[in-house]
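As given, the protein sequences belong to chains A and B, one line each in that order.
As numbered in the working numbering, residues 1 to 310 make up the first sequence, in order.
As numbered in the working numbering, residues 311 to 620 make up the second sequence, in order.
All C-beta atoms in this analysis are idealised placements derived from N, C-alpha and C, irrespective of residue type, glycine included.
2 protein chains.
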Amino acid sequence: MNEIKIFCPATIANLNCGFDVMGLCLEGIGDEMIIRKVAEKGIRITKITGADLPLETEKNVAGVAALAICKDAINRVAMEHGFEIEIHKKIKAGSGIGSSSASAAGAVFGINELLGKPYTKHELVDFAMKGEALASGCEHADNVAPCVLGGFTLVRGYNPLDVIKIKSPTDLYAVVLHPHIEVKTSDARAVLKPTIPLKDAITQCGNLGGLIAGLYTNDYELIGRSLQDVIIEPMRKQLIPNFDAVKNSALANGALGAGISGAGPSIFALCKGQTIAEKVAISMSNSYQNTGIPFDMHISKVNDEGVKIL
Amino acid sequence: MNEIKIFCPATIANLNCGFDVMGLCLEGIGDEMIIRKVAEKGIRITKITGADLPLETEKNVAGVAALAICKDAINRVAMEHGFEIEIHKKIKAGSGIGSSSASAAGAVFGINELLGKPYTKHELVDFAMKGEALASGCEHADNVAPCVLGGFTLVRGYNPLDVIKIKSPTDLYAVVLHPHIEVKTSDARAVLKPTIPLKDAITQCGNLGGLIAGLYTNDYELIGRSLQDVIIEPMRKQLIPNFDAVKNSALANGALGAGISGAGPSIFALCKGQTIAEKVAISMSNSYQNTGIPFDMHISKVNDEGVKIL
């Protein structure tokens, strides 16, 4: 096997109560990548479609992630060859559903496959994080972890990286509304306060615990009660026009919960079952029409597999 | 059935990463109470042994909790009688292992039994919390919830009260060292800061998520990695002489984790299996000898049943 085509799914990080620690993987939207084993050593990005991204390996998140795994892999396998990478972006950059993470995860997953799988999926998260760091300025795993592992993931901690896949019910759907506006990462960070009230941290912890308990026990109502964010959403929602109206329409139409996907501007809702998800998508869409801002809608089952060979 | 004898277990609140939300129930130590149905209406505390506590119903946590359930119960059952309560304290007041919660939980549990169980255990937590409020000044459930429900519990939130019992492995033991010093609740609160760094809240959330995931999946190592407290312990440990030495001896001898029980001064360790728990107890005990402060040691399996009829 010298060439594989890969599906690199979009992801939703934070999930309201899990700021910087929780994420989930989507099925209905993702990039495609082709990874090719070639005689010439090193990593080359040979083609990018769907986005205006740098081809230089060191300036591309997929390239940096690929370099990270290859640098380590020489200790595990004979590597008398290099890799070419094609990236076909479907996830828009800056949408808040893990565009850069998909590229980073796809690169390391694909190279690992072509090397004969010397690494576990959990180990791949670490390499993908190196690529993600190029995009965000710091190593964080809340999108790459669900992209690589699938399903719901928890980043317990970083020293060393400790990522847990959380078992979840099979009938969960996510709805994503992506308004075509730019929320600069610097703005999304600037609105956050470096300190928070202790009582808010306790509320957030209670809800995160509830979310994880709800996922393990297939308790959809508990999942819904737990999908609250008293820390980040009140600050960041001002950056997203019509956020409250969209969220309220999702909840009024049966969503378990709704909030900001990642750092925004995408707004997500979690739903039990496809029928409710479709109803919620229509209501969110209707409530955004009058803003005059163009937007995309995605409906997706939670993807338990993660990045995969097509 | 007009009289029952009840075992009212001690509990450990907070468990490091779960400040104000997590708790667990102990088996080896608890109070005993006798609840008696009598012709005369109202609640009377007729006897207290083992502690110098008020007999006046309105000034006693068991009395206040009993009044709370009886006030509500007239809407559910015919109540042409009253109750007498005897309290035999084994859990020392101010030890940090849920002494007042045991009394409050015992009273509501016993009365519910004698009324023919009109309430679920989850409903009893709410009444017990009314009694607990007398002792601590505010209604909180992190000790009464595990005392009533047994095992590990999470208080997801308070509006309304939402308590989740968390499934846990069967071979978990707690070791408790109770130094005979008084840590005033006002002092334990005064050392806490009303605001905390956002990054510490994220670390704490990651660990709480890890603890709950570890409990559901019987992953003792994950439980151990998660039993960390970056928010409260650094502040409160200064109130407990020799805390670091005791904690380090527990960890060095195989404890999964160790920390402050409730608001202290008790120090707890969680261990996998009785053999390790006994070794850890000896090491903690040895490391406390040289303080000259008298102390008690308890070794207890986690009690999955909670308050019960003897």
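So, at 8 Å on beta carbons, what are the nonlocal neighbours of residue i in its own chain, with the 5 sequence-adjacent residues on each side left out?
{"i": "B:LEU434", "result": "ILE379, ALA415, VAL418, PHE419, ASN422 and VAL458"}
{"i": "A:ASP187", "result": "LEU239"}
{"i": "B:THR601", "result": "PRO489, PRO551 and ASN552"}
Would residue i count as contacting chain A if we go by Cβ distances under 9 Å?
{"i": "B:PRO544", "result": "no"}
{"i": "B:GLY516", "result": "yes"}
{"i": "B:ARG535", "result": "yes"}
{"i": "B:ILE541", "result": "yes"}
Can you check whether the C-beta of residue i is within less than 9 Å of a C-beta belonging to chain B?
{"i": "A:ALA145", "result": "no"}
{"i": "A:ALA213", "result": "yes"}
{"i": "A:CYS17", "result": "yes"}
{"i": "A:ASP187", "result": "no"}
{"i": "A:MET22", "result": "yes"}
{"i": "A:LEU172", "result": "no"}
{"i": "A:ILE181", "result": "no"}
{"i": "A:LEU357", "result": "Any answer about residue 357 of chain A is impossible in this case: the structure gives chain A only from 1 up to 310."}
Determine the closest residue to residue i out of the options, with distance taken between C-alpha atoms.
{"i": "B:ALA285", "options": "B:PHE578, B:ILE609, B:GLN599 and B:GLN584", "result": "Residue 285 of chain B is absent from the structure shown; chain B starts at 311 and stops at 620."}
{"i": "B:CYS318", "options": "B:SER411, B:THR359, B:ALA573 and B:PHE437", "result": "B:SER411"}
{"i": "A:GLN228", "options": "A:ASP219, A:ALA245 and A:CYS205", "result": "A:CYS205"}
{"i": "A:HIS81", "options": "A:GLY157, A:ALA62, A:GLU3 and A:GLY210", "result": "A:GLU3"}
{"i": "B:LYS611", "options": "B:LEU521, B:ILE592, B:VAL486 and B:ASN453", "result": "B:VAL486"}
{"i": "A:VAL163", "options": "B:HIS488, B:LEU482 and B:GLY520", "result": "B:GLY520"}
{"i": "A:PRO118", "options": "A:ASP72, A:GLY94, A:GLU132 and A:ALA133", "result": "A:ASP72"}
{"i": "A:ALA277", "options": "A:HIS298, A:GLU56 and A:ASN286", "result": "A:HIS298"}
{"i": "B:LYS589", "options": "B:SER559, B:GLY572 and B:ILE603", "result": "B:SER559"}
{"i": "A:PHE295", "options": "A:ILE282, A:ASN303, A:ASP304 and A:GLY306", "result": "A:ILE282"}
{"i": "A:LYS41", "options": "A:ALA66, A:ASP304, A:GLY30 and A:LEU198", "result": "A:ALA66"}
{"i": "A:LEU24", "options": "A:GLY137, A:THR153, A:MET284 and A:ILE202", "result": "A:THR153"}
{"i": "A:ALA62", "options": "A:TYR288, A:ALA174, A:GLU56 and A:GLY131", "result": "A:GLY131"}
{"i": "A:ALA135", "options": "A:ASP52, A:ILE29, A:LYS247 and A:LYS59", "result": "A:LYS59"}
{"i": "B:VAL387", "options": "B:ILE397, B:GLY406, B:LEU424 and B:THR359", "result": "B:LEU424"}
{"i": "B:ALA403", "options": "B:ASP362, B:VAL454, B:LYS431 and B:PHE437", "result": "B:ASP362"}
{"i": "B:LYS357", "options": "B:LEU482, B:LEU508, B:LYS399 and B:GLY572", "result": "B:LYS399"}
{"i": "B:MET332", "options": "B:VAL617, B:HIS432 and B:LYS475", "result": "B:LYS475"}
{"i": "A:MET1", "options": "A:ARG36, A:LEU26, A:GLU32 and A:GLY28", "result": "A:ARG36"}
{"i": "B:TYR598", "options": "B:VAL556, B:ASN528 and B:HIS432", "result": "B:VAL556"}
Which chain A residues sit within Cβ distance under 8 Å of residue i?
{"i": "B:THR505", "result": "THR195, ILE196, PRO197 and LEU198"}
{"i": "B:LEU502", "result": "LEU198"}
{"i": "B:GLY520", "result": "LEU154, ARG156, GLY157, ASP162 and ILE164"}
Go through its chain and collect everything with a Cβ distance to residue i's Cβ below 6 Å, but skip five positions before and after it.
{"i": "A:ASP200", "result": "VAL230 and ILE231"}
{"i": "B:ASN517", "result": "CYS327, SER536 and GLN538"}
{"i": "B:MET545", "result": "VAL501 and LEU502"}
{"i": "A:LEU310", "result": "LYS5 and PHE7"}
{"i": "B:ARG354", "result": "GLU394"}
{"i": "B:LYS547", "result": "PHE553"}
{"i": "B:GLU449", "result": "MET439 and ALA443"}
{"i": "A:GLY224", "result": "LEU256 and GLY257"}
{"i": "B:VAL493", "result": "LEU549, GLY574 and PRO575"}
{"i": "A:THR49", "result": "HIS88"}
{"i": "B:SER409", "result": "ILE401 and ALA403"}
Using a C-beta to C-beta distance shorter than 7 Å, which residues of chain A count as neighbours of residue i?
{"i": "B:ALA591", "result": "Those do not exist, as B:ALA591 stays about 28 Å from chain A at its closest Cβ, beyond 7 Å."}
{"i": "B:TYR526", "result": "TYR216"}
{"i": "B:LEU459", "result": "The contacting residues do not exist; B:LEU459 stays about 13 Å from chain A at best."}
Using beta carbons (cut-off 9 Å, strictly below), is residue i in contact with chain E?
{"i": "B:LEU549", "result": "As a matter of chain content, chain E is missing from the structure shown, whose protein chains are A and B."}
List, in order along the chain, the chain B residues whose C-beta lies closer than 8 Å to that of residue i?
{"i": "A:THR203", "result": "GLY467"}
Could you tell me which residues DSSP puts in a beta bridge with residue i?
{"i": "A:CYS25", "result": "A:THR11"}
{"i": "B:ASP472", "result": "B:GLY467"}
{"i": "B:LYS611", "result": "B:TYR483"}
{"i": "A:GLY42", "result": "A:GLY82"}
{"i": "B:ASP341", "result": "B:CYS318"}
{"i": "A:LYS121", "result": "Partner(s): none; A:LYS121 has no beta bridge."}
{"i": "A:GLY257", "result": "A:LEU270"}
{"i": "A:PHE152", "result": "A:LEU24 and A:ILE166"}
{"i": "A:LYS308", "result": "A:PHE7"}
Using the beta-carbon of each residue, which ones in chain B are nearer than 7 Å to residue i?
{"i": "A:GLY262", "result": "Neighbours of A:GLY262 on chain B: none; closest Cβ ~15 Å, over 7 Å."}
{"i": "A:ILE166", "result": "ALA523"}
Please compile the residues from chain A whose C-beta is within a distance smaller than 9 Å of the C-beta of residue i.
{"i": "B:LEU561", "result": "Here the premise fails: no neighbours, minimum Cβ distance about 17 Å."}
Quick one: what's got a C-beta closer than 7 Å to residue i's C-beta in the same chain, skipping five residues either side?
{"i": "B:ALA349", "result": "HIS391"}
{"i": "B:GLY340", "result": "PHE317, CYS318, PRO319, ALA320, LYS400, ILE401 and ALA412"}
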